[in-house]
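Here the structure comes first, spelled out in structure tokens, and everything after it is commentary.
Protein chains: 2
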Amino acid sequence: MNDISILTKALQHSGLRLTPQRMAICELLAATDRHPTALWIYEQLRPRYPSLSLATVYHTLEALVGLGAINELGSAGDGTVHYDANVQPHINLACVSCHRVIDLPSEHIEHVASEVKDASGYRLFGARILYYGLCPECQAKAI
Amino acid sequence: MNDISILTKALQHSGLRLTPQRMAICELLAATDRHPTALWIYEQLRPRYPSLSLATVYHTLEALVGLGAINELGSAGDGTVHYDANVQPHINLACVSCHRVIDLPSEHIEHVASEVKDASGYRLFGARILYYGLCPECQAKAI
DNA sequence: TCTAAATTAGTAATGATTATAAATTGAAAT
DNA sequence: ATTTCAATTTATAATCATTACTAATTTAGA
Numbered sequence: 001m002n003d004i005s006i007l008t009k010a011l012q013h014s015g016l017r018l019t020p021q022r023m024a025i026c027e028l029l030a031a032t033d034r035h036p037t038a039l040w041i042y043e044q045l046r047p048r049y050p051s052l053s054l055a056t057v058y059h060t061l062e063a064l065v066g067l068g069a070i071n072e073l074g075s076a077g078d079g080t081v082h083y084d085a086n087v088q089p090h091i092n093l094a095c096v097s098c099h100r101v102i103d104l105p106s107e108h109i110e111h112v113a114s115e116v117k118d119a120s121g122y123r124l125f126g127a128r129i130l131y132y133g134l135c136p137e138c139q140a141k142a143i
Numbered sequence: 001m002n003d004i005s006i007l008t009k010a011l012q013h014s015g016l017r018l019t020p021q022r023m024a025i026c027e028l029l030a031a032t033d034r035h036p037t038a039l040w041i042y043e044q045l046r047p048r049y050p051s052l053s054l055a056t057v058y059h060t061l062e063a064l065v066g067l068g069a070i071n072e073l074g075s076a077g078d079g080t081v082h083y084d085a086n087v088q089p090h091i092n093l094a095c096v097s098c099h100r101v102i103d104l105p106s107e108h109i110e111h112v113a114s115e116v117k118d119a120s121g122y123r124l125f126g127a128r129i130l131y132y133g134l135c136p137e138c139q140a141k142a143i
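Residue numbers (this note's numbering), protein chains in the order written: chain A, 1 to 143; chain B, 1 to 143.
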């Protein structure tokens with residue numbers, strides 16, 4: 001869940017046009033708690049935008065990543081790239097079996113950020129923090 | 001840099017054979033500070049093992065990941081999977097300008113791992129922790 | 001040595017992503 | 001309103017990492 005205006009303003013401010021397709025992709029990114037793939041977005045929007053092309057979805061996501069408005073999560077074990085509209089430092093937790101990716105709040109992660117900054121002298125822009133393991137449901141199935 | 005016996009023992013203990021190909025892959029994983037891809041490993045070993053197959057590299061890496069002896073890092077922007085022989089919790093820090101990736105030790109990150117485990121009920125296998133920003137050298141250049 | 005299973009090599013198949021080119025759209029200027 | 005030009009979309013082809021498959025090879029144990 002996120003503020004859609006962050007996404008749309010990022011596009012407009014950089015001189016890119018806010019087309020209906022891009023608007024719909026931003027709406028979906030802002031409205032979901034999931035960490036969608038390009039294909040999932042494409043399938044969600046196809047009923048409303050029958051002419052939508054998968055290439056457009058990829059182009060828009062690439063633009064938003066380049067603007068820092070969303071993050072690319074890298075493959076979570078299923079070989080496909082997931083995206084995250086939440087660019088605030090937080091923890092992603094992926095199940096290697098069912099491939100769900102959930103968000104986790106963390107108290108300690110803020111200490112890590114300042115630790116990194118102090119120890120390295122880097123000016124930090126963001127972070128992608130992905131833990132992976134077996135979720136409780138898949139642990140139960142495995143038995 | 002890592003202890004090769006951790007890798008070889010993991011293979012042997014699970015009943016898998018320690019073939020020359022697998023031994024060579026373990027040596028390479030243990031000797032490097034990089035985060036190698038399957039293709040990089042293949043190209044490194046081909047001079048010494050001209051008959052080595054890329055499929056064998058993938059099979060061996062898959063086995064080591066399954067045993068928890070190495071971690072799969074997921075694609076970090078270049079579309080290829082990287083592996084990390086360092087399974088101890090640590091932080092990768094990437095410079096968005098010069099694209100170097102360095103490792104950072106962290107005290108707080110261990111607390112995060114136990115926090116994640118306790119809060120989620122997941123059985124954790126590993127983590128990919130990447131901070132990105134501008135390194136001191138590139139900050140100086142930017143001025 | 002002999003046999004059965006594991007492993008490897010080589011190659012084909014898969015599937016996500018990207019590149020390309022033609023068609024469409026949109027904004028500005030006339 | 002029309003023209004023009006660049007941005008965008010669409011459709012499809014190409015690419016590239018990875019997986020699947022099969023035959024050949026190797027290994028461990030009888």
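For every residue, glycine included, the Cβ atom is placed at its ideal position computed from N, Cα and C. Just so it is clear, the structure is predicted and the values come from calculations on it, not from any experiment.
Does the Cβ-Cβ distance between residue i and residue j come in under 8 Å?
| i | j | result |
| --- | --- | --- |
| residue 131 of chain A | residue 73 of chain A | no |
| residue 105 of chain B | residue 82 of chain B | no |
| residue 102 of chain B | residue 129 of chain A | no |
| residue 46 of chain A | residue 52 of chain A | yes |
| residue 4 of chain B | residue 25 of chain B | no |
| residue 10 of chain B | residue 67 of chain B | yes |
| residue 71 of chain A | residue 30 of chain A | no |
| residue 112 of chain B | residue 112 of chain A | yes |
| residue 49 of chain B | residue 21 of chain B | yes |
| residue 43 of chain A | residue 108 of chain B | no |
| residue 69 of chain B | residue 7 of chain B | yes |
Count the other C-beta atoms from every protein chain shown that fall within 10 angstroms of the C-beta of residue i, then say buried if there are 16 or more, exposed otherwise.
| i | result |
| --- | --- |
| residue 98 of chain B | exposed |
| residue 19 of chain B | exposed |
| residue 133 of chain B | buried |
| residue 85 of chain A | buried |
| residue 136 of chain B | exposed |
| residue 36 of chain A | buried |
| residue 119 of chain A | exposed |
Under 9 Å Cβ-Cβ, which residues of chain A neighbour residue i?
| i | result |
| --- | --- |
| residue 144 of chain B | Shown here, chain B extends from 1 to 143; a query on residue 144 of chain B therefore has no answer. |
| residue 59 of chain B | Going along chain A, no residue has its Cβ under 9 Å from residue 59 of chain B, so there is no contact; the nearest lies around 16 Å. |
| residue 139 of chain B | 121, 122 and 123 |
How far does the alpha helix (DSSP H) with residue i in it extend, from its first residue to its last?
| i | result |
| --- | --- |
| residue 66 of chain A | 54-66 |
| residue 41 of chain A | 38-45 |
| residue 128 of chain B | Per DSSP, residue 128 of chain B belongs to no alpha helix (DSSP H); it is in the beta strand (DSSP E), 123-134. |
| residue 10 of chain B | 4-13 |
| residue 111 of chain B | 108-120 |
Residue i versus chain B: which residues are under 9 Å apart at the beta carbon?
| i | result |
| --- | --- |
| residue 34 of chain A | Under the 9 Å cutoff, chain B gives no residues; its nearest Cβ is about 17 Å from residue 34 of chain A. |
| residue 46 of chain A | Residues of chain B passing the Cβ test: none, with the nearest at roughly 25 Å. |
Check the Cβ of residue i against every Cβ in chain B and list those closer than 8 Å, keeping chain order.
| i | result |
| --- | --- |
| residue 116 of chain A | 91, 93, 104, 106 and 131 |
| residue 127 of chain A | 129, 130, 131 and 132 |
| residue 96 of chain A | 125 |
Residue i lies in the beta strand (DSSP E); which residues open and close that run?
| i | result |
| --- | --- |
| residue 93 of chain A | 91-95 |
| residue 28 of chain B | Counting along the chain, residue 28 of chain B falls outside any beta strand (DSSP E), though it belongs to the alpha helix (DSSP H) covering 20-31. |
| residue 101 of chain B | 101-104 |
| residue 84 of chain A | 81-84 |
Applying a beta-carbon distance threshold of less than 7 Å, which residues of chain B neighbour residue i?
| i | result |
| --- | --- |
| residue 111 of chain A | 108 |
Is any heavy atom of the ligand ATP found at a distance shorter than 7 Å from the C-beta of residue i?
| i | result |
| --- | --- |
| residue 95 of chain A | You won't find the ligand ATP in this model; it holds no ligand whatsoever. |
- Does the count of Cβ pairs from the stretch 54-63 of chain B and the stretch 105-125 of chain A closer than 8 Å reach three? no
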